[in-house]
Every structure is written in structure tokens, then in C-alpha cells.
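Trainee:
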Amino acid sequence: MAYENILVETSGPVGLIRLNRPKALNALSDGLVTDMEKALNAFEDDPAIGVIVVTGSEKAFAAGADIKEMAGFGYMDAYLNDFITKKWGRLATCRKPTIAAVAGYALGGGCELAMMADIIIAADTAKFGQPEVTIGTIPGAGGTQRLTRAIGKAKAMEMCLTGRMMDAAEAERSGLVARVVPAADLLDEAMKLAERIAGMSRPVTMMVKECVNRAYEATLAEGLLFERRVFHSTFALEDQKEGMSAFGEKRQPAFKGK
Ligand code: HXC
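Residues in the sequence shown are numbered from 1 upward in steps of one, following the UniProt record's numbering.
Structure representation (C-alpha cells):
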């Protein structure tokens, strides 16, 4: 399927979405977000795909929601259409593991989009920020919530109240990103990471993700119970038998995804 605002490709079990509005620094227009939602749906439905990577360009992962598009909105445009965050949220609801590979600006909705992925891997050029306050609004796709959970109140408050950007080194130090790599290696590293995850048992990776995400939603006792129930369920998988036999036989496991 051809899209206007993104480029989509696959590499073995990895689905790759490149945001592609270079002239607008990948500003997240309604068209782009609609394309991305469709591409994510297609990858989620495709049994050959195990992991999804979202990336931007060298200069920008995404410089935020499209300010020119939303400048004239009234409250009813935003409210009745559940202003685009409904579509954006698709990345956060993917059941397959997702990786955001971020180079350059990840601002406003761009930072929020990256935080919807399971793992952020950053180029040394990456800059994260929630500058909405500087244009008279607030983060609307999780910036005040996911950023606070990722880096803590002090830094999140400072960033959301001032619009200050955080560079890649600070983002790694603060726990926002899993790893920083040289910009030239970003996509290779992200794809390698994706392939490594895609080589594990598919249902197990999906279960891991569900359990880690549960930590954001539940009390410790509930989360531990959820984890234990899911852990027990892995013993129903052929992949668990294969993984543990392979260990005993000193060979690599060949997971079947069931
Ligand atoms: C629309 C944008 C844009 C955006 C950049 N552009 N960001 N267009 N929406 N968010 C456009 C510029 O207008 C310009 O178009 C072109 O991209 C290049 O941008 P420049 O500003 O010329 O580049 P540069 O000087 O390098 O500065 C880069 C920048 C700056 C620091 C990233 O563009 C910037 O501050 N952008 C806005 C960042 C921001 O405030 N984001 C938050 C948006 S609100 P022309 O046609 O002039 O060449 C948000 C709310 C989300 O995200 C809520 C959830 C729904």
C-alpha cells in the first residue's frame, strides 16, 4: 500500500515505518497520523511481522503536531474529533513490540509518539522536548504523563513548564532512552535490536511487553499477580519446551511462535 506521508518497508520479521514529511520536519499532520495508524494496523495483522520500528529523518524524528494545521482549531474541532490523539495512540496499543529510532528533534507530539514505543533508541543528535507551553498549549498525547513516569517529576516539570530540550546523553542518563548510538548507526542498530527481539518466541515477547506495561497501571501486588499468571501460562507454549530443551542440549532454540 502506498502512503503519502510515510515510507513503509519490511526486513524479514521487522516492519519499518519512516515518517516522511521532510519539509515540515515530520510534523504530525492528520494525514501522517492516519497513514501511520493504517501501517501499524497492517503490521499488527501480518503474521510475518514480529517487531515494528518507527523512525524519522536525520534532522527530525518529528517536530510535533502540525502547528499550522491546528492553529485555527476551536474547542469543538478538538473535542468532537478527539483531536488526533485517538489515532496517535495506535502505537501505544500495538501488541507486538515496538521501537522508536530517534535522530534529531523529537518535540511535542514527536516526543510523545516516541514515548508510546516500547523502547526508544536515540542517535547522539537526538533532542527531546515538550515545547507546547511556548505556543500556548500543553502536551496532549501523554507528555505530562509518560515523560513524568520515565524521567521523574523534577525534570518532567521543568521540561513541560519551560519547553527546554534534553539532549541524547541527558535522555539516556534520565532513563528516557534505552541506548544512544552514533547517528550514522541509528537505523542499523534499531534494526539489529528489532531482529534480536523478533528471533525470540513471538507470544513470549508479547507477554513480556504486557507485563512490563502492567507496571504502569497496577499496584505492585496486582502487577506481581498478573506477571505470575502470565509466567505460568508460558508453560503451555511449545516455545518454552523448545527454549529449555535447547539450553540443556547446548544449541540455539528454534522458536515457532506458539
Ligand atoms: C508545522 C513545522 C513544525 C510543526 C517545524 N515545522 N515544526 N510545521 N508544525 N510542529 C516547519 C517549519 O514551519 C518550517 O516550514 C520547516 O518545518 C522547517 O522548520 P524551521 O523552523 O525552519 O527549522 P529550524 O530553524 O531548524 O528549527 C527546528 C525546530 C522548529 C526547533 C524544530 O521548527 C520548531 O520549534 N518547531 C516547532 C516545535 C514545536 O513547538 N512542537 C510542538 C508542537 S505542539 P517552512 O514552510 O517555514 O519552511 C504539539 C502538541 C501535541 O506537538 C499534542 C498532541 C496532539
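By construction, the Cβ of each residue, glycine as well, lies at the ideal position given by its N, Cα and C atoms. Note that the coordinates shown come from a computational prediction; the quantities given were computed from them, not determined experimentally.
1. Report yes if the C-beta distance between Met36 and Ile67 is below 8 Å; otherwise report no.
2. Counting only the same chain and skipping the five closest in sequence on each side, list residues whose C-beta sits under 6 Å from that of Leu176.
3. Could you give the first and the last residue of the continuous beta strand (DSSP E) run that contains Arg179?
4. Can you give me the C-alpha to C-alpha distance between Pro139 and Ser29, rounded to a whole angstrom?
5. Could you round the C-beta distance between Tyr105 and Phe61 to whole angstroms and report it? I think they count as a contact, below 8 Å.
6. Along the chain, where does the alpha helix (DSSP H) that runs through Tyr105 open and close?
7. In the DSSP output, which residue or residues are listed as bridge partners for Val8?
8. Check whether the Cβ atoms of Leu91 and Ala117 lie closer than 8 Å to each other.
9. Given a threshold of 16 other Cβ atoms within 10 Å of its Cβ, counted over all protein chains shown, does Gln130 qualify as buried or as exposed?
10. In angstroms, rounded to a whole number, what distance separates the CA positions of Lys96 and Ala154?
11. Rounded to whole angstroms, how far is the Cβ of Met166 from the Cβ of Met159, which I believe are closer than 8 Å?
12. Have a look at Val14, Glu9 and Arg228 and flag the residue whose alpha-carbon is nearest the alpha-carbon of Asn20.
13. Hey, would you say the C-beta of Thr85 is under 7 Å away from at least one heavy atom of the ligand HXC?
14. May I ask you to report which of helix, strand or coil DSSP gives Asp46?
15. Return the chain-ordered list of same chain residues with a C-beta closer than 7 Å to the C-beta of Ala183, the five sequence neighbours on each side being excluded.
16. Could you have a look at Met166 and say whether DSSP puts it in helix, strand or coil?
17. Let me make sure I understand the geometry here. Which of Leu237, Phe73, Met115 and Gly72 has the alpha-carbon closest to that of residue 260?
Mentor: According to the structure shown:
1. Position 36 of the sequence shown holds residue 36. Position 67 of the sequence shown holds residue 67. Contact flag unset, no.
2. One-based indexing of the sequence shown puts residue 176 at position 176. Hits under 6 Å: Ala150 and Ile151.
3. Within the sequence shown, the letter at position 179 stands for residue 179. Unbroken beta strand (DSSP E) run through Arg179: Arg179 to Val181.
4. Counting from 1 along the sequence shown, the entry for residue 139 is found at position 139. Counting from 1 along the sequence shown, the entry for residue 29 is found at position 29. C-alpha separation (whole angstroms): 16 Å.
5. To locate residue 105, count along the sequence shown from 1; it is residue 105. To locate residue 61, count along the sequence shown from 1; it is residue 61. Contact between Tyr105 and Phe61 holds: CB atoms are separated by about 7 Å, below the 8 Å threshold.
6. For this step, residue 105 is matched to residue 105 along the sequence shown. That residue, Tyr105, is in no alpha helix (DSSP H); its beta strand (DSSP E) goes Tyr105 to Leu107.
7. Position 8 of the sequence shown holds residue 8. Partner(s): Ile17.
8. For the purposes of this step, residue 91 is taken as residue 91 along the sequence shown, with counting starting at 1. For the purposes of this step, residue 117 is taken as residue 117 along the sequence shown, with counting starting at 1. Yes, the Cβ-Cβ distance between Leu91 and Ala117 is below 8 Å.
9. Residue 130 sits at position 130 when you count from the first residue of the sequence shown. Buried.
10. What you label residue 96 is simply residue 96 of the sequence shown in a count that begins at 1. What you label residue 154 is simply residue 154 of the sequence shown in a count that begins at 1. Cα to Cα, the separation comes out at about 32 Å.
11. Along the sequence shown, one-based indexing puts residue 166 at 166. Along the sequence shown, one-based indexing puts residue 159 at 159. With 8 Å as the limit, Met166 and Met159 qualify as a contact, their Cβ atoms being about 6 Å apart.
12. One-based indexing of the sequence shown puts residue 20 at position 20. Ranking Val14, Glu9 and Arg228 by Cα distance to Asn20 puts Glu9 first.
13. Position 85 of the sequence shown, counting from 1, holds the residue named residue 85. Yes; taking the cut-off as 7 Å, the Cβ of Thr85 has a heavy atom of the ligand HXC nearer than that.
14. For this step, residue 46 is matched to residue 46 along the sequence shown. In the three-state DSSP reduction, Asp46 falls in the coil class, being neither helix nor strand.
15. Residue numbering aside, residue 183 sits at position 183 when the sequence shown is read from its first letter. Glu58, Ala103, Ala123, Asp124 and Thr125, listed in sequence order.
16. Translated into the one-based positions of the sequence shown, residue 166 becomes position 166. The three-state reading of DSSP puts Met166 in strand, counting E and B together.
17. Nothing can be reported for residue 260: it is not among the residues displayed for the chain, which extend from 1 to 258.
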